[in-house]
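To convert a position in the sequence shown, counted from 1, into the working numbering, add 2. C-beta: ideal position from N, C-alpha, C; glycine also.
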Amino acid sequence: MALLKVIDRDGKEHDVEARSGLKVMETLRELDYGISAICGGMCSCATCHIYIDPAWAAKIPAPMSDERELLLELAHFKEGSRLSCQIDMTDALDGLRVTIAPDE
Ligand code: FES
3 MALLKVIDRD
13 GKEHDVEARS
23 GLKVMETLRE
33 LDYGISAICG
43 GMCSCATCHI
53 YIDPAWAAKI
63 PAPMSDEREL
73 LLELAHFKEG
83 SRLSCQIDMT
93 DALDGLRVTI
103 APDE
């Protein structure tokens with residue numbers, strides 16, 4: 003288990019236990035204030051959009067081209083934008099802080 007700090011759409015921060023080896027999306031979609039992840043992680047819906055805290059950005063592998071292309075189409079795209087279904091939770095990311103992006 004690793005700690006995931008999640009800021010919801012109301013700006014409230016929550017400490018959540020995330021299982022290493024799962025996608026970050028798989029933890030977020032279980033939360034009442036989480037994400038819908040409609041496509042189930044196929045990198046096609048963007049309903050798993052989050053912002054990575056700048057302090058953690060360098061610790062996460064860069065997005066592949068399909069994720070990057072989808073992100074660039076989003077109205078709420080900004081620096082730190084990522085699709086949480088494309089990010090593996092690992093013990094090295096213990097304490098990762100993310101913000102759930104607004105609905106598109
Ligand atoms: S769950 Fe659909 S793009 Fe991530």
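What do you reckon, is the C-beta of residue i under 8 Å from a heavy atom of the ligand FES?
i, result
"Met44", "yes"
"Glu39", "It is worth fixing the name first, because residue 39 is Ala in this sequence and not Glu. Flag set: Cβ of Ala39 near the ligand FES."
"Met66", "no"
"Leu85", "yes"
"Thr49", "yes"
"Met27", "yes"
"Leu6", "no"
"Leu113", "The structure shown does not extend to residue 113, since the chain is modelled only from 3 to 106, so the question has no answer here."
"Leu24", "no"
Report, in whole angstroms, the separation of the C-beta atoms of residue i and residue j, which I expect to be a contact under 8 Å.
i, j, result
"Arg109", "Ile89", "With the chain represented from 3 up to 106, any question about residue 109 goes unanswered, as that position is not in the structure."
"Gly36", "Cys87", "That belief does not hold up - the Cβ atoms of Gly36 and Cys87 are roughly 12 Å apart, past 8 Å."
"Ala64", "Cys50", "Between Cys50 and Ala64 the Cβ distance is about 17 Å, and since that is not below 8 Å, they are no contact."
> If we count Cβ pairs, one from each stretch, closer than 8 Å, do we get three or more for the stretch 31–44 versus the stretch 54–63?
Replying inline: no
> In chain order, which continuous runs of the beta strand (DSSP E) of length 3 or greater are located wholly inside the stretch 30–71?
Replying inline: 51–54
> Would you call the stretch 70–82 and the stretch 3–19 in contact, with 3 or more CB pairs under 8 Å?
Replying inline: no
> At which residue ranges does the stretch 72–106 contain complete beta strand (DSSP E) runs of 3 or more residues, listed in the order of the chain?
Replying inline: 83–85 and 98–102
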